[in-house]
Amino acid sequence: MTKLAPAMLLLCALSACEPPEARNAATNATMDADNAANASVANVSDNGAEPARSILRPEVAEPEEPPRIEPAEAVIGFGATPMKLDDAARESLDALIATPAMAAGGPITLRGHSDSRGADGDNKVASRVRAELVREYLIEKGVAKDRISLIAIGEGRPLAPNVKPDGSDDPEGQAKNRRVEVTVALPTVVVPPPVTPQAAEPEAKTP
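Quick note: the sequence shown uses the UniProt record's numbering, first residue 1, plus one each step.
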């Protein structure tokens, strides 16, 4: 039989004499330490599996370009009322006034036309009167007068035949030809010339 050393016998005696509560507490402490170690390993593993988060700022969206403004045109008819603006003509002018081209402030050209009835001179006068009626309406709506220019064309540029093949008048064609063509151009952008730096004057030499 192997003899235990005196120190070992003392430790065994002390362990045998230790209360059960103390032994349970020591066991629980050991288990808690093991659980904490396992949790730490798990956290390290989980953190290693997470994708790296970007610290860069999100991309800034580029501002959208403003819509491009196009010149505007309209044909104001005088078919039903040869020397007066009717409701359809006013509606067409109101729609033209609401366009971005009109708001941009560019020049406005009014070209008056007529049918072929009567003398050429009278038809040119009538075409100018129609253009003046359109100009007055635009001015009443707040359009600056200095933006508007008038051109009296008369019967020279018909949209439709003024007479039928047998030589008789064509009322429908003549009504289409009594009109004012409105063109709203874009304002001209004036770019100043580049400034040329002046050369320095030579210093006067002292005699």
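Where a beta carbon is used, it is the ideal one built from N, C-alpha and C, also for glycine.
Same chain, Cβ closer than 6 Å to residue i, neighbours up to 5 away in sequence not counted
i           : result
residue 175 : 79
residue 173 : 160, 161, 162
residue 189 : none
residue 139 : 145
residue 149 : 109
residue 75  : 179, 181
Local conformation of residue i per DSSP, three classes
i           : result
residue 112 : strand
residue 150 : strand
residue 193 : coil
residue 169 : strand
residue 135 : helix
residue 117 : coil
residue 185 : coil
residue 69  : coil
residue 179 : strand
residue 126 : helix
residue 101 : helix
residue 74  : strand
Contact check, residue i vs residue j, beta carbons under 8 Å
i           : j           : result
residue 118 : residue 187 : no
residue 244 : residue 72  : Nothing about residue 244 can be reported from this structure: the residues present for the chain run from 1 to 207 only.
residue 111 : residue 151 : yes
residue 96  : residue 137 : no
residue 131 : residue 180 : yes
residue 123 : residue 77  : no
Cβ separation of residue i and residue j, assumed to be a contact under 8 Å, to the nearest whole Å
i           : j           : result
residue 182 : residue 143 : 11 Å between Cβ atoms; not a contact.
residue 129 : residue 83  : 6 Å
7 Å CB neighbourhood of residue i in its chain, flanking five on each side removed
i           : result
residue 157 : 113
residue 121 : none
Close beta carbons around residue i, own chain, < 8 Å, minus the five adjacent residues each side
i           : result
residue 170 : 160, 161, 162, 163, 164
residue 185 : 71, 101, 106, 107, 108, 109
residue 69  : 100, 101, 104, 186
residue 116 : 123, 155, 158, 162, 163, 174, 177
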